[in-house]
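Student: Start counting at 1 in the sequence shown, then tack on 5, and there's your number in the numbering used here. Glycine included, C-beta positions come from ideal geometry on N, C-alpha and C.
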Amino acid sequence: MTEKRKRRLRITGIRKKMLFVFAVLITITGAGISVFSAAVFKQGYGKISKVYLQDVTQQTTNNLENMIQTIEDINIQILSSAVIQEQLEIVNGQEMEPYSIRNISKIVERELETNALFSSDVVSLSVISKSGLEFSVKKITGRGTDLAFLEGDIYKANGTTLWGLVGPDKDICIAKAILDLTTMKPIGYINIVYEREYFGDIVKDNSTEYSGASYVVDRDGTIVVTNHEKYLGTRFPVAIEALRETDTSRYDILNDTNSFYYVGNEMPNGWTLVEAVSVKEFYKNTYRVIGLTGIFLLGILILSFFSINMATKHIARPTQDLLESMKLFGKGNLSHRVEVKTTDEIGQIGSEYNRMADNIETLIEKVYKMEITQKQAEIDFLCMQINPHFLYNTLDTISWMAIMQGNLDISEMTISLADLLRAMIKKDRFVTVEEEMKTVKDYLLIQGQRFGDKISVLYDVDEQAYPCQVPNFILQPLIENAIIHGLEPKLGKGMLCVRIKLEKDTVVFCIADDGVGMSREEIRELYEKCEMNETNQNIGLKNVYRRLILCYGESSRLHIESEKHRGTKINFILPMMIKGNSSGEPELLHASSH
6 MTEKRKRRLR
16 ITGIRKKMLF
26 VFAVLITITG
36 AGISVFSAAV
46 FKQGYGKISK
56 VYLQDVTQQT
66 TNNLENMIQT
76 IEDINIQILS
86 SAVIQEQLEI
96 VNGQEMEPYS
106 IRNISKIVER
116 ELETNALFSS
126 DVVSLSVISK
136 SGLEFSVKKI
146 TGRGTDLAFL
156 EGDIYKANGT
166 TLWGLVGPDK
176 DICIAKAILD
186 LTTMKPIGYI
196 NIVYEREYFG
206 DIVKDNSTEY
216 SGASYVVDRD
226 GTIVVTNHEK
236 YLGTRFPVAI
246 EALRETDTSR
256 YDILNDTNSF
266 YYVGNEMPNG
276 WTLVEAVSVK
286 EFYKNTYRVI
296 GLTGIFLLGI
306 LILSFFSINM
316 ATKHIARPTQ
326 DLLESMKLFG
336 KGNLSHRVEV
346 KTTDEIGQIG
356 SEYNRMADNI
366 ETLIEKVYKM
376 EITQKQAEID
386 FLCMQINPHF
396 LYNTLDTISW
406 MAIMQGNLDI
416 SEMTISLADL
426 LRAMIKKDRF
436 VTVEEEMKTV
446 KDYLLIQGQR
456 FGDKISVLYD
466 VDEQAYPCQV
476 PNFILQPLIE
486 NAIIHGLEPK
496 LGKGMLCVRI
506 KLEKDTVVFC
516 IADDGVGMSR
526 EEIRELYEKC
536 EMNETNQNIG
546 LKNVYRRLIL
556 CYGESSRLHI
566 ESEKHRGTKI
576 NFILPMMIKG
586 NSSGEPELLH
596 ASSH
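1) Using a threshold of 7 Å, state whether the C-beta atoms of Cys515 and Asn477 are closer than that.
2) Below 8 Å on the Cβ atoms is my guess for Val132 versus Ile195; work out the distance and round it to an integer in Å.
3) Comparing alpha-carbon positions, which option in Met442, Lys446 and Ile479 lies nearest Arg434?
4) Note down, in chain order, each residue of its chain lying with its Cβ closer than 7 Å to the Cβ of Gln59, except the 5 sequence neighbours on either side.
5) Going by C-alpha distance, which of Ala281, Ile73, Gly299 and Arg240 is nearest Ile33?
6) Over what stretch of residues does the alpha helix (DSSP H) that includes Met101 continue unbroken?
7) Would you identify the three-state DSSP class for Ala3, choosing helix, strand or coil?
8) So what's Arg115 in DSSP terms, helix, strand or just coil?
9) Do Arg504 and Asp447 come within 7 Å of each other at the CB atom, strictly closer than that value?
10) Taking the alpha helix (DSSP H) that Cys556 belongs to, which residues open and close that run?
11) Quick check on this structure: which residue in Lys190, Arg552 and Leu297 has the alpha carbon closest to the alpha carbon of Ile160?
12) Going by DSSP in three states, Asp519 sits in which element: helix, strand or coil?
13) Measuring CB to CB, does Lys111 end up less than 7 Å from Gly193?
14) For chain B, check one thing: does any of its Cβ atoms lie closer than 7 Å to the Cβ of Ile33?
15) Since Val491 contacts Asp518 with CB under 8 Å, what's their CB separation in whole angstroms?
16) From what residue to what residue does the alpha helix (DSSP H) around Cys535 run?
17) If you measure between the beta carbons of Ile179 and Ile76, is that distance less than 7 Å?
18) Is the beta carbon of Val513 less than 7 Å from the beta carbon of Met581?
19) Leaving out five residues on either side along the sequence, give the residues of the same chain with a beta carbon under 6 Å from the beta carbon of Trp276.
20) What are the partner residues of Val222, as DSSP defines its beta bridges?
21) Looking at the unbroken beta strand (DSSP E) that takes in Met500, where does it start and where does it end?
22) Cα-Cα, which of Leu152, Ala218, Asp174 and Ala87 is closest to Leu628?
23) Less than 7 Å separating the beta-carbons of Phe140 and Val113?
24) Which residue marks the beginning of the alpha helix (DSSP H) containing Phe204, and which one marks its end?
25) Suppose contacts are defined by Cβ-Cβ distances below 7 Å. Is Val128 in contact with Glu200 by that definition?
26) Would you call the CB atoms of Phe154 and Leu138 closer than 7 Å?
27) Is the beta carbon of Asp151 closer than 7 Å to that of Val198?
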């Protein structure tokens, strides 16, 4: 191993060791602080949160008790109403005509309406006499009265209010016997039905920073109010007294999670509020603080790493610069050199490397120029093998002979062939659209002699596009491809369309035929052949494909559309360009130019 490599490895190893030791120390310290902080915070926060949740549970219980007391007050008003007492005595004491019963109903229902209007959640307020007559005020007319209790159970309660659920919507039903104020014997009973939201809204609005489940359970263990409506009317799975005696978490069958339970005092009607908060939700703030602490320590670690890195960077920087320069040089950036800042061994290596790079660059430039000269010589040699003037003179001779013999078709085709040859070997890289269309028409004239009326041609060319510059001989290969592969195999006559249009600052070209067409798989294979280097298939189309990308980029890539037996359409778009003023290369034609 060379001394230079040993020095580089030694420097790199020292930096890694320093960073590793520092990382271990910071990590151990941070972990210890995190664990200690988490334990202390979790214990203190847990006590505070339990007191807070107990207070919330008690406050919600108080709210429910106030609503229960309001209902009891309504009951007392109805029980003590002289009008209702008097009318019940009348209907219970004798048989009455329908007309008299209707008059009594109006009197009783008018008295009930004053009490039914105190809340929009009252579904129905009914008084049923001992004789079985019902007097009701209902939110929905024509609907029967929902009864949760048997008449015998109501009278057996002897004036105690009964609470339960009724109907498919699990509404709250309150029933209570009406006692004669003189004899204290039952003369009927009250049946009030409230929408479940009357109490349910209080439970749903019992919002704390913890999201959990709230259940109101009656003496029989039935859930009568909850914020989880699917459990309404089901039995609560745990005994209430068992929950009062524990402060540890237990599995909540209803919510399928471990939860803490907070039980309120028993309400006057025998209901009890139970709040269930999942353990995960309970300690979420603790976990948030732990996470923030971890992020803070991670930030300290990153800042410390940055400081250590800056402190050691200048030691290994010259070697790193030399290595980066070698990598760039190896990737082809021959002009890159290392900046020598010191006169020590590393600086001397950098100077020697720069001199070596200069020598290599000089040698590569010489070899490159030699290869270019050799290729140009080969091209010149090939050009010398064909004397274009000899071909032109020969074609002119054939043309004159045809004229002298009266065969103007042969003369016209010969002249077109001569013009086509001149266009093919023309040295200009770019020509105007007008010149390119002249080449296209010469080629199609020759093909017209071959195919006759089998192929008809439609030209749709915007004359304003004539001055625009395009690569020389860019359309003929596409037209030849359309004739050979599209129209020639077709049994009947075919149409070829050459369309050139101006759109904003671009020139849009389209070569279309109604020939045999291609499938999607054939189009995909054609694209692949255009991308392949080593293939002799579709040379003309591949030549146009690559020239467009080299001259204009991906935006001018050929776009092929075709369908079997429907024809093929090849489109491409070029920027609108005109011939340069001095260099001869085309320049962009801005919108203001036309």
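Tutor: Concretely, from the data shown:
1) No.
2) Going by Cβ atoms, the distance from Val132 to Ile195 rounds to 6 Å, so yes, they are a contact pair.
3) Arg434 has its Cα closest to that of Ile479, out of Met442, Lys446 and Ile479.
4) The residues Tyr267, in chain order, have a CB closer than 7 Å to that of Gln59 in the same chain once the five nearest residues on each side in sequence are set aside.
5) Per the Cα distances, Gly299.
6) No alpha helix (DSSP H) holds Met101; DSSP gives it neither H nor E.
7) With the chain represented from 6 up to 599, any question about residue 3 goes unanswered, as that position is not in the structure.
8) The DSSP-derived three-state label of Arg115 is helix.
9) Cβ distance not < 7 Å, so Asp447 and Arg504 don't count as in contact.
10) Unbroken alpha helix (DSSP H) run through Cys556: Ile544 to Tyr557.
11) The sequence given here places Tyr at residue 160; Ile does not occur at that position. The residue from Lys190, Arg552 and Leu297 with its alpha-carbon nearest to that of Tyr160 is Lys190.
12) In the structure shown, Asp519 adopts coil according to DSSP, grouped into three states.
13) No, Cβ-Cβ distance for Lys111 and Gly193 is not below 7 Å.
14) Structure shown: chain B not included; a single protein chain is present.
15) Note on residue identity: the sequence assigns Gly, not Val, to residue 491. Rounded, the Cβ-Cβ distance is 4 Å, consistent with contact.
16) Arg525 to Glu536 is the extent of the alpha helix (DSSP H) around Cys535.
17) Yes, these two residues count as a Cβ contact at 7 Å.
18) The Cβ atoms of Val513 and Met581 lie no closer than 7 Å to each other.
19) Same-chain partners within the cutoff: Val221 and Asp223.
20) According to DSSP, Val222 bridges with Ile228 and Thr277.
21) First-last of the beta strand (DSSP E) with Met500: Gly499 to Glu508.
22) In the structure displayed, the chain extends from 6 to 599; residue 628 sits before or after that span and is not available.
23) With contacts defined as CB atoms closer than 7 Å, Phe140 and Val113 qualify as a contacting pair.
24) From DSSP, the alpha helix (DSSP H) with Phe204 extends over Glu202 to Lys209.
25) In contact: Val128 and Glu200 (Cβ atoms closer than 7 Å).
26) Contact annotation: Phe154 and Leu138 have beta-carbon atoms that are not nearer than 7 Å.
27) With respect to Asp151, Val198 sits close: the two C-beta atoms are nearer than 7 Å.
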